[in-house]
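Written out below as structure tokens is the structure these notes cover.
In my numbering, the protein residues as written are 11 to 263.
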């Protein structure tokens with residue numbers, strides 16, 4: 011699995027702190043640290059807030075990720091992801107992935123035309139190197155990466171359950187399976203949590219199973235803060251780990 015794929019999987023997964031049982035979306039800020047074989051590699055922050063700008067309740071998720079100075083010597087990443095979805099049924103309303111990889115800027119935006127849910131039109135626009143690529147998808151069930159996991163984690167589940175989704179990144183379509191493999195108690199800097207262990211598999215539509223993803227596991231806490239507390243992704247040499255450092259609740263009142 012390339013470093014780029016690891017970074018993409020991790021930043022997407024970091025934007026998913028919700029519950030594996032039906033519950034309101036958790037709001038606040040979550041701070042993470044990434045390491046490669048024990049070596050500090052990057053840090054990331056995820057903010058989940060209620061957005062009061064529109065007539066209907068909705069949530070705005072914003073995540074940033076930045077590689078460490080040491081990793082920057084070989085490969086650098088500066089990334090910001092934003093996703094907006096409806097507060098009641100988690101319908102996607104917009105997705106934006108702005109990043110700079112090795113000082114080359116790229117921007118991906120996904121827009122959803124909600125005028126007719128029976129024939130939802132989704133458009134992905136990718137900007138890179140002065141070129142623009144536009145891809146249209148006619149599929150009422152397609153979701154952006156962040157909304158996909160929020161919707162999956164909002165469902166009541168049991169060990170052995172598998173959730174399946176079609177995901178559109180703005181550049182390609184994927185079929186994603188999230189399997190609830192078991193329960194574990196794990197300790198990260200933010201504390202000790204009883205968690206669900208979730209194992210994802212990814213197929214790029216038209217090409218089959220993405221074998222660059224050697225093996226990835228996500229641990230989601232059951233209580234008291236329902237959030238992604240650890241991600242582990244095997245790479246060509248060793249593994250990348252991402253651990254929750256702290257959760258900061260939103261101001262009361």
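Heads up, the beta-carbon is just placed ideally off N, CA and C, and yes, glycines get one too.
This one's a predicted model, so the numbers in the text were calculated from it and none came from an experiment.
Residues near residue i by beta carbon distance below 6 Å, same chain, minus five either side
{"i": "residue 143", "result": "136"}
{"i": "residue 111", "result": "87"}
{"i": "residue 74", "result": "55 and 90"}
{"i": "residue 259", "result": "38"}
{"i": "residue 189", "result": "172 and 209"}
{"i": "residue 183", "result": "215"}
{"i": "residue 231", "result": "203, 205, 237 and 239"}
{"i": "residue 288", "result": "No statement about residue 288 is possible, as the shown extent of the chain runs from 11 to 263 and does not include it."}
{"i": "residue 211", "result": "187"}
{"i": "residue 108", "result": "90 and 117"}
For residue i, the three-state DSSP class (helix, strand or coil)
{"i": "residue 43", "result": "strand"}
{"i": "residue 157", "result": "helix"}
{"i": "residue 52", "result": "strand"}
{"i": "residue 233", "result": "strand"}
{"i": "residue 15", "result": "In this predicted model, residue 15 has a pLDDT of only 46, less than 50, meaning its place in the structure is not dependable enough to derive any value."}
Residue range of the beta strand (DSSP E) that includes residue i
{"i": "residue 83", "result": "Element bounds for residue 83: n/a, residue is neither H nor E."}
{"i": "residue 123", "result": "114-123"}
{"i": "residue 7", "result": "Given a span of 11 to 263 for the chain in the structure shown, any question on residue 7 remains unanswerable."}
{"i": "residue 210", "result": "201-214"}
{"i": "residue 145", "result": "141-148"}
{"i": "residue 172", "result": "172-178"}
{"i": "residue 92", "result": "87-96"}
{"i": "residue 253", "result": "249-258"}
{"i": "residue 168", "result": "It is not in any beta strand (DSSP E) - residue 168 carries neither H nor E in the DSSP assignment."}
{"i": "residue 77", "result": "68-77"}
{"i": "residue 99", "result": "Element bounds for residue 99: n/a, residue is neither H nor E."}
{"i": "residue 152", "result": "Residue 152 -> no beta strand (DSSP E), and no H or E assigned at all."}
{"i": "residue 244", "result": "238-244"}
{"i": "residue 132", "result": "131-138"}
Residue environment, residue i, which counts as buried when at least 16 other CB atoms sit within 10 Å
{"i": "residue 105", "result": "buried"}
{"i": "residue 80", "result": "exposed"}
{"i": "residue 83", "result": "exposed"}
{"i": "residue 32", "result": "Interpretation of residue 32 is limited by its pLDDT of 46, a score under 50 that renders its predicted location unreliable; no figure is taken from the coordinates."}
{"i": "residue 237", "result": "buried"}
{"i": "residue 170", "result": "exposed"}
{"i": "residue 202", "result": "exposed"}
{"i": "residue 174", "result": "exposed"}
{"i": "residue 241", "result": "buried"}
{"i": "residue 52", "result": "buried"}
{"i": "residue 49", "result": "exposed"}
{"i": "residue 247", "result": "exposed"}
{"i": "residue 134", "result": "buried"}
{"i": "residue 226", "result": "buried"}
{"i": "residue 243", "result": "buried"}
{"i": "residue 197", "result": "exposed"}
{"i": "residue 118", "result": "buried"}
Contacts around residue i, its chain only, beta-carbon distance under 8 Å, and the 5 residues preceding and following it disregarded
{"i": "residue 103", "result": "68, 94, 95, 96, 122 and 124"}
{"i": "residue 192", "result": "169, 206 and 207"}
Nonlocal neighbours in the same chain, by C-beta distance under 7 Å from residue i, ignoring five residues either side
{"i": "residue 194", "result": "205, 207 and 229"}
{"i": "residue 100", "result": "157, 160, 161 and 164"}
{"i": "residue 200", "result": "239, 254, 255, 256 and 257"}
Near the ligand NAP: residue i beta-carbon under 6 Å from a heavy atom
{"i": "residue 239", "result": "Among the ligands in the structure shown, none appear at all, so the ligand NAP cannot be discussed."}
Any contact of the region 83-98 with the region 67-75, i.e. 3+ C-beta pairs under 8 Å? yes
For the region 39-46 against the region 250-258, are there 3 or more C-beta pairs whose distance is under 8 Å? yes
Any 3 or more C-beta pairs closer than 8 Å across the region 175-195 and the region 151-165: yes
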